[in-house]
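S.K.: To convert, count from 1 in the sequence shown and add 317; that's the numbering used here.
Here a beta-carbon is modelled for each residue, glycine too, at the ideal position from N, C-alpha and C.
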Amino acid sequence: MRALLSLMLLIVTLQGCQLAKSEVHVAGATRVNSPTPGRKPDFAAEIKPIFQARCQPCHFQGGKVYDKLPFDKAETITRLGTKLFTRIKDDKEQRLIREFLDQP
């Protein structure tokens, strides 16, 4: 389990190096920074990492429900909307996801 968490952290960190950093990982926790006001949060840089940290391995490539509910696709997140908050409890993460869902 610890090795899986370390691997997930490495993947998210590497992705964060390639994209604008929007969160900081500390001992398995995620702190989400606010996007620039008036700008829709970027799915790849700000939204997807939340789901990677919370919903791996099931909803990503190779996961048992990936075919039905792929969380690496913005369309799935948009379709499910706030139903996702049954798993995403952090207020800051919910706020960021709401900002993503609310913007055209």
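Extract the residue ranges of the beta strand (DSSP E) inside the segment 360–394, only unbroken runs of 3 or more that lie entirely within it.
M.R.: You should have found no qualifying run.
S.K.: DSSP three-state label for arginine 404, please.
M.R.: In the structure shown, arginine 404 sits in coil (DSSP, three-state: anything other than H, G, I, E or B).
S.K.: DSSP three-state label for arginine 356, please.
M.R.: Coil.
S.K.: Can glutamate 363 and leucine 418 be called in contact, C-beta distance under 9 Å?
M.R.: Cβ atoms of glutamate 363 and leucine 418: not closer than 9 Å.
S.K.: Indicate the three-state DSSP secondary structure (helix, strand or coil) for glutamine 420 in the structure shown.
M.R.: It is coil, neither helix nor strand.
S.K.: Would you kindly check if the distance between the Cβ of aspartate 359 and the Cβ of phenylalanine 377 is under 9 Å?
M.R.: In this structure, aspartate 359 does not lie closer than 9 Å to phenylalanine 377 by Cβ.
S.K.: From phenylalanine 402 to lysine 385, what does the alpha carbon distance come to, in whole angstroms?
M.R.: Distance between the alpha carbons of phenylalanine 402 and lysine 385 is about 18 Å.
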